[in-house]
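Engineer:
Number of protein chains: 2
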Amino acid sequence: MQSQLKRGTLELCVLTILCRGDRYGYELVNIISNCMHITEGTIYPLMKRLKDSGSIDSYIVESQEGPPRKYYSITDDGRTIQQEQENEWRSFSESINKLINGEEGMS
Amino acid sequence: MQSQLKRGTLELCVLTILCRGDRYGYELVNIISNCMHITEGTIYPLMKRLKDSGSIDSYIVESQEGPPRKYYSITDDGRTIQQEQENEWRSFSESINKLINGEEGMS
DNA sequence: CAAGATACCTTGCAAGACAAAGTACTTTGC
DNA sequence: GCAAAGTACTTTGTCTTGCAAGGTATCTTG
Numbered sequence: 000m001q002s003q004l005k006r007g008t009l010e011l012c013v014l015t016i017l018c019r020g021d022r023y024g025y026e027l028v029n030i031i032s033n034c035m036h037i038t039e040g041t042i043y044p045l046m047k048r049l050k051d052s053g054s055i056d057s058y059i060v061e062s063q064e065g066p067p068r069k070y071y072s073i074t075d076d077g078r079t080i081q082q083e084q085e086n087e088w089r090s091f092s093e094s095i096n097k098l099i100n101g102e103e104g105m106s
Numbered sequence: 000m001q002s003q004l005k006r007g008t009l010e011l012c013v014l015t016i017l018c019r020g021d022r023y024g025y026e027l028v029n030i031i032s033n034c035m036h037i038t039e040g041t042i043y044p045l046m047k048r049l050k051d052s053g054s055i056d057s058y059i060v061e062s063q064e065g066p067p068r069k070y071y072s073i074t075d076d077g078r079t080i081q082q083e084q085e086n087e088w089r090s091f092s093e094s095i096n097k098l099i100n101g102e103e104g105m106s
């Protein structure tokens, strides 16, 4: 069930991390794994969607420790989306907290 | 996109509200509508899933103001699930907040 | 050269939010 | 008495997206 909670927030996480600097896919999996379970089967399709929608760009960099890495960088559009999603997340999570803390006006 | 954020939390919302007293489906839609967009097409299938899984029971009550209402009440199992999901939500939302507030140990 | 770590990608499935459409009951206004 | 509006429940089909599983290719180390 936990997997359903991630819906929508994963994109926010990726965009937020990329706002702070370029990262490659495998690296993103490791970073995000620190706070929730995630696999490559989730990240790579997401990166493709983000690139197709213009939120991020990508470029290849050779590596001495393995195969070439595909780095992703955020675009101006991506920063805008990130801001919107961060605001959405804040207001959404606040709503849920209010509801489960019983601060709603119900009988 | 907003719709994706609701995943997983809607069930928690419904269970939490039912912990405070019995409600009928249409009423739940109205209550939850106070804090997020929701329609009957979402609630009724969810109520069916919750009943099938034993988290809630239901009973019909005649109404003077329209068709009969199907009231839902939470079971002991449902209360346990609600507690688990509330804990999951708290730790999950805290993780996201840490990440977007930059309190992660990354370069 | 085999094993393991690194790194990428794709396929297929499952969960669940929602629009839309349908049914049926009540009250209100003409 | 009947149309319209509000109340209340249900089902169908679509879309998004998380994830397991499997595949490819590179580099290092024994």
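So the protein sequences, as listed, match chains L and G.
Residues in the first sequence are numbered consecutively from 0, following numbering that gives the first Met the number 0.
Residues in the second sequence are numbered consecutively from 0, following numbering that gives the first Met the number 0.
Quick reminder that beta carbons are idealized off the backbone N, C-alpha and C, glycines included.
Note that the coordinates shown come from a computational prediction; the quantities given were computed from them, not determined experimentally.
1. So what does residue 59/L bridge to, in DSSP terms?
2. Which residues mark the beginning and the end of the alpha helix (DSSP H) in which residue 64/L is found?
3. With 8 Å set as the bound, which would you pick, yes or no: does the beta-carbon of residue 97/G sit closer than that to a beta-carbon of chain L?
4. Would you mind reading off the limits of the alpha helix (DSSP H) that contains residue 51/G?
5. According to the Cβ coordinates, are residue 43/G and residue 58/G closer than 8 Å?
6. Strictly below 9 Å CB to CB, what residues from chain G border residue 46/L?
7. Does any heavy atom of the ligand MN sit closer than 7 Å to the C-beta of residue 58/G?
8. Can you check which of these residues, 64/L, 23/L, 49/L and 33/L, is closest to residue 11/L by C-alpha distance?
9. Please state whether DSSP places residue 22/G in a helix, a strand or coil.
10. How should residue 60/L be labelled, buried or exposed, when 16 other C-beta atoms within 10 angstroms of its C-beta is the threshold for buried?
11. With a threshold of 16 other CB atoms inside 10 Å of the CB of residue 81/L, please say whether the residue is buried or exposed.
12. Give the interface partners of residue 94/L over in chain G, defined as CB-CB distance under 7 Å, in chain order.
13. Is residue 34/L helix, strand or coil by DSSP?
14. Do residue 73/L and residue 34/L have their C-beta atoms closer together than 8 Å?
Structural biologist: Checking against the coordinates, here is how it stands:
1. 69/L
2. Looking at the DSSP string, residue 64/L is not in any alpha helix (DSSP H), and its letter there is neither H nor E.
3. Interface residue, yes.
4. For residue 51/G, the enclosing alpha helix (DSSP H) stretches over residues 39-51.
5. no
6. Under the 9 Å cutoff, chain G gives no residues; its nearest Cβ is about 17 Å from residue 46/L.
7. Absence of the ligand MN is noted for the structure shown, with no ligands found whatsoever.
8. 49/L
9. strand
10. exposed
11. Its Cβ being crowded by 16 or more others within 10 Å, residue 81/L is buried.
12. Identification of chain G residues near residue 94/L by a Cβ-Cβ cut-off of 7 Å yields 34 and 35, ordered along the chain.
13. Looking at residue 34/L - three-state DSSP - the assignment turns out to be coil, as it is neither helix nor strand.
14. no
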